[in-house]
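Numbering (my numbering), first residue to last: 7 to 293.
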């Protein structure tokens, strides 16, 4: 297990390990503690991530599961829902993409729900491919006209979109990890988080690294990941968070003091993520 010790001044973090192999490779890795979290190109005070997410509009649904089953077309296989929150493709807006086979409508209610979060949908389009109908929204904050950089608000966007998907397409409930909390039918398949969790870190030029994470999805996961990463002084610059049925697939551009992560720090980050992801500590009462 990797442990973190703060210096008396609070200005540095030193990482050591109880594992002999890791201790031999790392020794004591000392990092300057960051004052801000960078996500989507904007600095954010770290203290804001200590607050629990409270999404008052999300409520557990108690609809009749039999009615949902009877309402489905028997010949249709329920497709896997996909919700993507993309901070990379547009420098001026957060892009959200929703796919649910060919079952999605115009998603006007979803756009209205996003407006209730203090957001503007500045651009929307629909395109078709072999995986179905893709609805894409470019979103900015209503008060500033800028893209969303707050991890808590990004998670609120993700859960709001999923909540509306569950409301208007209740058959998606059995295909989504969120169906257990907010849907009509919980998923029939259970994901073993130890088996589902995969982490990979590679260089993406001299100034940043690319972090890939795949793990079992759950509410609040995006905020958890950002906090775990920044707790060891690594900055999250931008990225993409994909909800694919029961799984979350994440791609973050990360750096340490504006440089790519060195191998010992990559190992510390991967070990920290594995430890926390396999032992979730999210307080369910926060949602």
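Cβ coordinates follow ideal geometry from the N, Cα and C atoms, glycine included.
1) Compute the beta-carbon to beta-carbon distance between residue 127 and residue 106, rounded to the nearest angstrom, for a pair I have assumed lies under 8 Å.
2) Do residue 153 and residue 98 count as a contact pair if the criterion is CB distance below 8 Å?
3) Which word fits residue 263, buried or exposed, when buried means at least 16 other C-beta atoms lie within 10 angstroms of its C-beta?
4) From residue 160 to residue 228, what distance separates their C-alpha atoms?
5) Go through the segment 119 to 191 residue by residue and report every complete run of the alpha helix (DSSP H) that reaches 4 residues or more, in order.
6) Could you round the C-beta distance between residue 181 and residue 84 to whole angstroms and report it? I think they count as a contact, below 8 Å.
7) In the DSSP assignment, what are the bridge partners of residue 249?
8) Going by other Cβ atoms of all chains shown within 10 Å of its Cβ, with 16 needed for buried, is residue 223 buried or exposed?
9) Tell me, please, which residues DSSP counts as bridged to residue 262.
10) What residue from 101, 118, 135 and 235 has the CA that sits closest to residue 108's CA?
11) Please check the pair residue 215 and residue 278, which I expect to be a contact at CB under 8 Å, by giving their CB distance rounded to whole angstroms.
Quick look at the numbers:
1) Going by Cβ atoms, the distance from residue 127 to residue 106 rounds to 18 Å, so no, they are not a contact pair.
2) yes
3) exposed
4) Approximately 8 Å, taken between the alpha carbons.
5) 157 to 174 and 185 to 188
6) 6 Å
7) 89 and 254
8) buried
9) 265
10) Checked all of 101, 118, 135 and 235; the closest Cα to residue 108 is 135.
11) That pair is no contact at about 15 Å.
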